[in-house]
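Trainee: Position 17 (the sequence shown) corresponds to 33 in my numbering; numbering is contiguous. Would you mind keeping the following structure in view while I ask a few things?
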Amino acid sequence: MSRVQLAIDVDDIDDAVAFYARLFDAQPAKRRPGYANFALDEPPLKLVLIENPGRGGGLNHLGVEVGSTAEVAAATERFGAAGLETLVEDATTCCYAVQDKVWVTGPGGERWEVYTVLADAGAELEGRTRADLAGAASPAGASSAAPCCGN
């Protein structure tokens, strides 16, 4: 299943979770310090809330969650063929999950990712790749310094 992701900055994560829980009549699928996401079936949406005081209401990034690494690879190939500059991150830890993803930037500077979640990850792993954890060099094309949730 694919679904659009909307990641927004919020001033107060508790207030935002309470609002969106009422708006969508749903509870967060994941809740961590300064972070929450709602994985909604109706409408099909991954709503990501990132606490960023003073920047509440702003767009953090957009995305498309897909079901497999093969779909991320296909998007990467399609973007390259279309002449879009890409940033590939394999097995990177972002938004408290290990993910394979590709980033592109729209004409207005808006960041888009196409990604798949490989596994859940705890806060202590945020921003690290499997290679970092193994003490090895990052795989070709991976970047642990690339943007993750705008933080």
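Positions of the beta carbon are idealized from the N, C-alpha and C atoms, including for glycine.
T85 lies in the alpha helix (DSSP H); which residues open and close that run?
Mentor: Reading the sequence shown from its first residue, position 69 is the one you call residue 85. Unbroken alpha helix (DSSP H) run through T85: 85-97.
Trainee: Looking at V33 and A52, is the spacing between their C-beta atoms short of 9 Å?
Mentor: Within the sequence shown, residue 52 is the residue found at index 36, counting from 1. Within the sequence shown, residue 33 is the residue found at index 17, counting from 1. The answer is yes: Cβ separation under 9 Å.
Trainee: Tell me where the beta strand (DSSP E) around V118 begins and ends.
Mentor: Counted from its first residue, the sequence shown places residue 118 at position 102. Per DSSP, V118 belongs to the beta strand (DSSP E) from 113-121.
Trainee: Between which residues of its own chain and V26 is the CB-CB distance below 8 Å, once the five residues before and five after are set aside?
Mentor: As a first step, residue 26 is located in the sequence shown; it is residue number 10 there, counting from the start. Once the five neighbours on either side are set aside, the close Cβ partners of V26 are A32, L65, I66, E67, N68, G72, G73.
Trainee: Hey, how far is the Cα of N167 from the Cα of T132?
Mentor: Position 151 of the sequence shown holds residue 167. Position 116 of the sequence shown holds residue 132. Residue placement at N167 is flagged as unreliable, the pLDDT there being 48, under the threshold of 50; the coordinate-derived value follows with that caveat. Near 20 Å, if we compare the C-alpha coordinates of T132 and N167.
Trainee: Please determine, among R19, L103, P49, L63, the residue with the shortest C-alpha to C-alpha distance to G37.
Mentor: The residue you call residue 37 lines up with position 21 of the sequence shown. In the sequence on display, residue 37 carries Ala and not Gly. With distances taken between Cα atoms, A37 lies closest to L63.
Trainee: Spatial neighbours of Q213 within its chain, please: C-beta separation below 7 Å, excluding the five flanking residues on both sides.
Mentor: Any answer about residue 213 is impossible in this case: the structure gives the chain only from 17 up to 167.
Trainee: Output the boundary residues of the alpha helix (DSSP H) element that contains A37.
Mentor: Translated into positions along the sequence shown, residue 37 becomes position 21. It spans 29-40 - the alpha helix (DSSP H) in which A37 sits, taken as one unbroken run.
Trainee: In the DSSP assignment, the beta strand (DSSP E) including E67 goes from what residue to what residue?
Mentor: One-based indexing of the sequence shown puts residue 67 at position 51. Run containing E67: 61-67, per the beta strand (DSSP E) assignment.
Trainee: State the CB to CB distance for the pair Q115 and T121, rounded to an integer number of angstroms; the pair is presumed to be in contact (CB under 8 Å).
Mentor: The residue given as residue 115 occupies position 99 in the sequence shown. The residue given as residue 121 occupies position 105 in the sequence shown. Actually they do not touch by this definition, with Cβ atoms about 18 Å apart.
Trainee: Please list, in chain order, all residues of the same chain as A162 whose beta carbon is under 6 Å from its beta carbon, the five residues on each side excluded.
Mentor: For the purposes of this step, residue 162 is taken as the residue at position 146 of the sequence shown. Residue placement at A162 cannot be trusted, given a pLDDT of 34 that sits under 50; what the coordinates show is reported in the next sentence. Same-chain partners within the cutoff: L103, E105.
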